[in-house]
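Chemist: Questions regarding the structure given below will be posed in turn.
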């Protein structure tokens, strides 16, 4: 039943592709799918494993920059650059976070903030690779059979990636590893006493989530065509985190809902940017007070 | 020959926390067929000893063997996998997860597949006498049932030694009687080690009792001898 | 001093206390005994002003106190309620927060340290580095620091070594002789009856019976059903 809901939410943006004019709406659809993918990955860390990951956007950024560089400078095809970017991002992310993974919740979050800041600074101060604050422009669309992928196929492709990502997380959480991560989230000391290798499992979750961050980051780079350090800073991490929290953490549909609702908001209120912030703030407060389970708990009413 | 090998052996265990010497040169051992008790004044190092045995803390000096295997220096989860399970003074269960999820969690670190896990879980719940609906959230259980659940979570992994830290704290007399019966029934499953303050539990269950005072082992003998010892009465039981 | 009439406490749909009548006279020690989940903690929390009764009246010194400020009623909860990141000394200071006189606080602290010499030795030690039983002592000592006129203790003997329990029993008796009124709940029925002047037996949210502890030894039936374990 829940899977059906997830599929529904995943398909919803497709409607936007029939808007005819392949302009802003189509662009937003693509972004929604990218955020669905990213939010699902962040949910793996936050919702299911209980780790607050401030570094998520930074890791996505590593993949974006690597992928863009491989395609633009080294002339690689997107399809080969993509896996390299993802794995590199995941490995770097894991290496940077490894010392922090053994820390408890709050301290892990704090060190995440530091690492994210370091990544943003790295993006700015290695202009040879990142072009600094100016960013990298004219990132080409991926090429299939000699032709760059056009709308709406590109957006549908991203949608497929989002579906695979969400599906992968769903499958993982139903496996033994998933049960283990949930147990660690609930009480890590008890887990150790029961024979569970807490740190090793957390590293695995971090690596997998980072892969998804990398996937989303690389796709973003080639979809939007432009990347800069601002696009992968701590505010972006927080934004994704908000999508997970508002949508409903620890569920499969939660991040999908959150991405669906929060992604278009800045564009809808483009003329009244202050309104967008007010709405964001109100949304956070409302969800915290009235819907601790997130928006997805409205659709699934638990029996008493 | 294996029946002669001690269930566990700890030699010259010492542990210091800043300015506080929690344990000083403690030797302890348990035979496979006996139930060992540990009593002593508050702050005498009892829980610290269990923490060191279970790998939660590292001893400054000394070694621990479990059935001949060195476990001192192993991280907690590996000690648990080696067969030493422990419970905590304050009940620790996954309150938000169901009873069944709690018990099967006891096998997550032990590489047992889901079907076999379910089987073992049912068996363990049966042994501890927990008959509640297993889909219930564990936090809804009463105190005694929560303790039963704790036991089931350990038994499911078939430990060699089960160390219980004040298992009857907060239980009323009737429940304490039931707990004594339960622990007696578990003796054929695994070796049992108990820290307790309730003398009835110690005298009913323990074949041998160690007394810790100020981080040292004061005496190590049958309960009847220990509870009549002058120093024990003075420092621990009260006149 | 304390009179409770038809106290009912609901937590959502769960009936914890069902029409309880209870009296505590000044200078008495009253014990509540009964199994877990019987409602003892809820009753104590209402008296301490932590939980509001769903129905019923609580009179303290002839005043209706259902929603009032529990200034001289101190509760030492079962969960200890000590501040782990603070030292023993700091925890005791917190216990005396309503008192402004430094001399008075000093006096109370000396008294408490005399009762619990281990705490005197370790006054600078962080509480979360202490053993469970020692934390329990800090909790009780902290309650005493408030110099309440009614001291309410929820299962004070948990995790305490027998000699400490005996000391606390003596301490409570001494405090009662000095004018303190005490209400405590205990699983250790024998302990409760040995210090209390009167006991209430609580079960399933109701008072099953109440009696004075005088001549308890001559009542084998009572001893059998409630006191068979030390």
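Protein chains in written order, with the numbering used here: chain A, 184 to 487; chain B, 2 to 240; chain C, 18 to 247. Virtual Cβ for every residue (Gly too), placed ideally from N, Cα, C.
At least one CB of chain C closer than 8 angstroms to the CB of residue 173 of chain B: is that the case?
Modeler: Yes, because at least one Cβ of chain C sits closer than 8 angstroms to the Cβ of residue 173 of chain B.
Chemist: Identify whether residue 106 of chain C lies in helix, strand or coil by the three-state DSSP scheme.
Modeler: The answer is helix: DSSP assigns residue 106 of chain C an H, G or I state.
Chemist: At 4 residues or longer, and completely inside the segment 53–102 of chain C: list those alpha helix (DSSP H) runs for me, N to C.
Modeler: Counting whole runs of 4 or more residues, the segment 53–102 of chain C contains the alpha helix (DSSP H) stretches 57–64.
Chemist: Any idea what DSSP makes of residue 205 of chain C, helix, strand or coil?
Modeler: DSSP places residue 205 of chain C in coil when its eight states are reduced to three.
Chemist: Who are the neighbours of residue 77 of chain B on chain A, taking C-beta pairs under 8 angstroms?
Modeler: Going along chain A in sequence order, the residues near residue 77 of chain B (Cβ under 8 angstroms) are 375 and 376.
Chemist: DSSP state of residue 246 of chain C, grouped into three classes?
Modeler: A caution first: residue 246 of chain C carries a pLDDT of 39, below 50, which makes its placement in the model too unreliable to give a value.
Chemist: Runs of 4 residues minimum, wholly inside the segment 132–194 of chain B: which ones carry the alpha helix (DSSP H) assignment?
Modeler: Segments of the alpha helix (DSSP H) lying fully in the segment 132–194 of chain B: 144–156 and 174–187.
Chemist: In the DSSP output, what is residue 331 of chain A paired with across the bridge?
Modeler: Note: residue 331 of chain A sits in a beta bridge opposite A/326.
Chemist: Can you find the residues in the same chain that come closer than 6 angstroms, C-beta to C-beta, to residue 385 of chain A, ignoring five residues on each side of it along the sequence?
Modeler: Same-chain partners within the cutoff: 284.
Chemist: Take residue 131 of chain C as the anchor and find which of C/171, C/74 and C/192 has the nearest alpha-carbon.
Modeler: The shortest C-alpha separation from residue 131 of chain C is found at C/192.
Chemist: Assign residue 363 of chain A to one of two classes, buried (16 or more other C-beta atoms within 10 Å of its C-beta) or exposed (fewer than that).
Modeler: By the neighbour-count rule (16 or more Cβ atoms within 10 Å), residue 363 of chain A is buried.
Chemist: Going by the beta-carbon positions, is the gap between residue 411 of chain A and residue 276 of chain A smaller than 8 angstroms?
Modeler: No, these two residues do not count as a Cβ contact at 8 angstroms.
Chemist: By the three-class DSSP mapping on this structure, what secondary structure does residue 487 of chain A have?
Modeler: Any reading at residue 487 of chain A must be qualified, since the residue scores a pLDDT of 32, below 50, and its modelled position is unreliable; the value itself is stated next. Of the three classes helix, strand and coil, the one that applies to residue 487 of chain A here is coil, per DSSP.
Chemist: Measuring only the C-alpha atoms, how far is residue 382 of chain A from residue 266 of chain A?
Modeler: For residue 382 of chain A and residue 266 of chain A, the distance between alpha carbons rounds to 26 angstroms.
Chemist: Closer than 8 angstroms by beta-carbon distance: list the chain B residues that pair up with residue 362 of chain A, in chain order.
Modeler: Result: 102, 105, 106 and 109.
Chemist: Name, in chain order, the residues that DSSP records as bridge partners for residue 16 of chain B.
Modeler: Residue 16 of chain B is bridged to B/24.
Chemist: Could you tell me whether any Cβ in chain A is nearer than 8 angstroms to the Cβ of residue 47 of chain B?
Modeler: Residue 47 of chain B does not count as touching chain A.
Chemist: So, using beta-carbon positions, are residue 280 of chain A and residue 238 of chain A closer together than 8 angstroms?
Modeler: Going by C-beta atoms, residue 280 of chain A is nearer than 8 angstroms to residue 238 of chain A.
Chemist: Shortest alpha-carbon distance to residue 155 of chain B belongs to which of B/106, B/114 and B/222?
Modeler: With distances taken between Cα atoms, residue 155 of chain B lies closest to B/106.
Chemist: When the Cα of residue 67 of chain C is compared with those of C/103, C/93, C/227 and C/155, which residue comes out closest?
Modeler: Per the Cα distances, C/93.
Chemist: Which of the three DSSP states, helix, strand or coil, is assigned to residue 375 of chain A?
Modeler: DSSP places residue 375 of chain A in helix when its eight states are reduced to three.
Chemist: Along the chain, where does the beta strand (DSSP E) that runs through residue 228 of chain C open and close?
Modeler: Residue 228 of chain C -> beta strand (DSSP E) spans 223–229.
Chemist: So, residue 3 of chain C versus residue 37 of chain C, is the Cβ gap smaller than 8 angstroms?
Modeler: Chain C is shown only over 18 to 247; residue 3 of chain C falls outside these bounds and no answer can be derived.
Chemist: Can you tell me where the beta strand (DSSP E) with residue 220 of chain C in it begins and where it stops?
Modeler: Here the beta strand (DSSP E) through residue 220 of chain C covers 215–220.
Chemist: Run down chain A in chain order and give the residues with a C-beta less than 8 angstroms from the C-beta of residue 122 of chain B.
Modeler: By Cβ distance, chain A contributes nothing, its closest Cβ being about 12 angstroms from residue 122 of chain B, past 8 angstroms.
Chemist: Do you know whose CA, among B/212, B/52, B/150 and B/27, lies nearest residue 166 of chain B's CA?
Modeler: Looking at the Cα atoms, B/52 is the closest of the given residues.
Chemist: Going by the beta-carbon positions, is the gap between residue 430 of chain A and residue 479 of chain A smaller than 8 angstroms?
Modeler: In contact: residue 430 of chain A and residue 479 of chain A (Cβ atoms closer than 8 angstroms).
Chemist: In the structure shown, what three-state DSSP assignment does residue 188 of chain C receive?
Modeler: DSSP places residue 188 of chain C in helix when its eight states are reduced to three.
Chemist: In three-state DSSP terms, what is residue 409 of chain A?
Modeler: Here residue 409 of chain A sits in coil by DSSP.
Chemist: Taking residue 31 of chain B as the reference, give the member of B/192, B/228 and B/233 with the closest Cα.
Modeler: Considering only alpha carbons, the answer is B/192.
Chemist: Measure the beta-carbon distance from residue 427 of chain A to residue 300 of chain A and round it to whole angstroms, keeping in mind my assumption that it falls under 8 angstroms.
Modeler: About 21 angstroms; that fails the 8 angstroms criterion.
Chemist: Put residue 70 of chain B into one of helix, strand or coil per three-state DSSP.
Modeler: Looking at residue 70 of chain B - three-state DSSP - the assignment turns out to be strand.
Chemist: Excluding the 5 residues preceding and the 5 following residue 250 of chain A in the sequence, name in chain order all residues of the same chain whose CB lies nearer than 8 angstroms to its CB.
Modeler: If we look at residue 250 of chain A and ignore the five residues flanking it on each side, its Cβ neighbours are 261, 264, 265, 267, 268, 400, 401, 404 and 405.
Chemist: When you compare only the Cα positions, how much space is there between residue 146 of chain C and residue 173 of chain C?
Modeler: Computed Cα separation, rounded: 20 angstroms.
Chemist: Should the segment 182–199 of chain C be regarded as contacting the segment 158–167 of chain C, the criterion being three or more beta carbon pairs within less than 8 angstroms?
Modeler: Taking 8 angstroms as the limit for Cβ pairs, the verdict is that the segment 158–167 of chain C does touch the segment 182–199 of chain C.
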